[in-house]
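Structure record follows, encoded as structure tokens.
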Amino acid sequence: MLHDFLEEHRQDLIARTEAKAKARPGRKATQEDVRHGVPLFLTQLGAALRAQAATQTPVPNRDISAGAVSHGQEMLRIGFTLSQVVHGYGDVCQAVTELAGDLDVPITVHEFHTLNRALDDAIADSVTEYARQRDSSLGFQQRELICAAILAWQMLTRGIVGTGGNTAALLTRSLESLRKLSTLTGDMAPIPDPGSAI
Amino acid sequence: MVVEDNPDIREVLQLALSDRYSVTTACNGQEALDLLETHSPPDVMILDMMMPVLNGLEVLQRLRKHALWARIPVIVATASTGLRLEDFGTFGLLRKPFALDNLQRLIERAVEHRTG
């Protein structure tokens, strides 16, 4: 049974997943990074497979969703890209099917369905959470920068401070940061270079 | 007292308010509490929420438990959304970005409230 296989070869599966993540371009996963998400997912996948074997029907697994949400948050916090989040789950799937193939361990159609469903759920939940947190963080930064820019602008236009001093530099800096931020968020109108616009 | 971790906002608020008020600044909640320990309580505190070391909510909780500090009118200035501040008895809430006029009006009312 696939759930026994996952338990028996857990360390090998984790090592294979880690090797696949490291082979990919971009920020390299540390042992700590990989061990955070993969072992938990393998445990939850094993539970889903066990439940499916007992009932012979796909069982919705809320633990997988909760684990994937935490994983999405964690991946954003430590600086991984959205692509790495998705590929990370793909690595687990490949590690499982490759090792099963190497050892001639059969995977039934039902087990494969459960594996695919677990991966779909995990990817959907982790990606959704990653994007939600990222957008929230970018929105926060935007509001802070706009606030600094508005206050500086009001000081300048009311003549509270001169146009050649620190406040003017602060306004330029805020607009420059907003411009950089706008290049990160595709849904924001591009802000011109403050050096050329003012 | 302006408690704000964003150095640009802190600087511009200090500059904007210093023609009418004596302004002290702190870059996080802990620094604000340290200043309160050694100085007279301010007439009004402008408090950011998301700050390192000690955040705004923790500052509010500490203020409310303190005999002297509990009466300081606090104007929360935050870029966070969805915060519920009703339980902390804040004097006012400004969502960033805000205009200088709105802040100045709130400060005037807070100072009147404090001295009245």
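Top line first, the protein sequences correspond to chains A and B.
Just so you know, we're using my numbering here: the first sequence kicks off at 1 and counts up by one.
Just so you know, we're using my numbering here: the second sequence kicks off at 1 and counts up by one.
Backbone N, C-alpha and C fix where the C-beta goes; we use that ideal spot for every residue, glycine too.
{"query": "DSSP three-state label for A:Leu171, please.", "result": "helix"}
{"query": "Enumerate in chain order the residues of its own chain whose CB-to-CB distance from A:Gly67 is below 6 Å, with the five nearest sequence positions on each side excluded.", "result": "Leu40 and Gln44"}
{"query": "Whole angstroms are fine: how far does the CA of B:Val12 sit from the CA of A:Gly72?", "result": "36 Å"}
{"query": "Please state the DSSP three-state secondary structure of A:Thr55.", "result": "helix"}
{"query": "So if I threshold CB-CB distances at 9 Å, which residues from the stretch 9 to 23 of chain B count as touching chain A?", "result": "Ile9, Glu11, Val12, Leu13, Leu15, Ala16 and Asp19"}
{"query": "In this structure, how does DSSP classify B:Ile127 when only helix, strand and coil are distinguished?", "result": "Outside the shown range of chain B (1 to 116) lies residue 127 of chain B, about which nothing can therefore be said."}
{"query": "Considering just the uninterrupted stretch of the beta strand (DSSP E) at B:Ile46, what are its terminal residues?", "result": "Met45 to Leu47"}
{"query": "Answer yes if the stretch 64 to 82 of chain B comes into contact with the stretch 36 to 54 of chain B, meaning at least three C-beta pairs across the two stretches below 8 Å, and no otherwise.", "result": "yes"}
{"query": "For B:Ala26 and chain A, any beta-carbon pair shorter than 8 Å?", "result": "no"}
{"query": "How many Å lie between A:Gln142 and A:Leu178 at the Cα?", "result": "7 Å"}
{"query": "Got a sec: which bits of the stretch 166 to 184 of chain A sit with their beta carbon under 8 Å from any beta carbon on chain B, in order along the chain?", "result": "Asn166, Thr167, Leu170, Arg173 and Ser174"}
{"query": "Of the choices B:Met1, B:Gly89 and B:Ser22, whose alpha-carbon is the least far from that of B:Leu33?", "result": "B:Met1"}
{"query": "A:Asn61 to B:Ile9, Cα distance in whole Å?", "result": "46 Å"}
{"query": "Which bits of chain A does B:Pro97 rub up against, with CB to CB less than 7 Å?", "result": "Arg143, Ile146, Cys147 and Ile150"}
{"query": "Just reading off the alpha helix (DSSP H) that B:Leu33 is part of, what are its end residues?", "result": "Gly29 to Thr38"}
{"query": "Whole angstroms are fine: how far does the CA of A:Val86 sit from the CA of A:His9?", "result": "23 Å"}
{"query": "Do B:Asn28 and B:Leu57 have their CB atoms nearer than 8 Å?", "result": "no"}
{"query": "Please report the distance separating the alpha-carbon of B:Leu68 from that of B:Pro41.", "result": "8 Å"}
{"query": "For A:Ala19, count the other beta carbons within 10 Å of its own beta carbon; 16 or more makes it buried, fewer makes it exposed. Which is it?", "result": "exposed"}
{"query": "Can you give me the start and stop residues for the beta strand (DSSP E) that B:Leu93 sits inside?", "result": "Gly92 to Arg95"}
{"query": "Using DSSP with H/G/I as helix, E/B as strand and the rest coil, what is B:Thr25?", "result": "strand"}
{"query": "By Cβ distance below 8 Å, which residues in the same chain neighbour A:Ala149 in space, the five residues on each side in sequence not counted?", "result": "Leu171, Ser174, Leu175 and Leu178"}
{"query": "Rounded to whole angstroms, what's the CA-CA distance from A:Gly88 to B:Pro52? Just pull it up for me.", "result": "31 Å"}
{"query": "In chain B, which residues lie with their C-beta within 8 Å of the C-beta of A:Phe140?", "result": "Met50, Ala79 and Ser80"}
{"query": "Determine the DSSP secondary structure at A:Val127, reduced to helix, strand or coil.", "result": "helix"}
{"query": "Answer with yes or no whether the minimum CB distance from A:Gln154 to chain B is below 8 Å.", "result": "yes"}
{"query": "Helix, strand or coil for B:Val59? Go by DSSP, reduced to three states.", "result": "helix"}
{"query": "Would a C-beta distance cut-off of 8 Å place A:Gly46 and A:Leu82 closer than the cut-off?", "result": "no"}
{"query": "Determine which residues share a DSSP beta bridge with B:Val53 and list them.", "result": "Beta-bridge pairing links B:Val53 to no other residue."}
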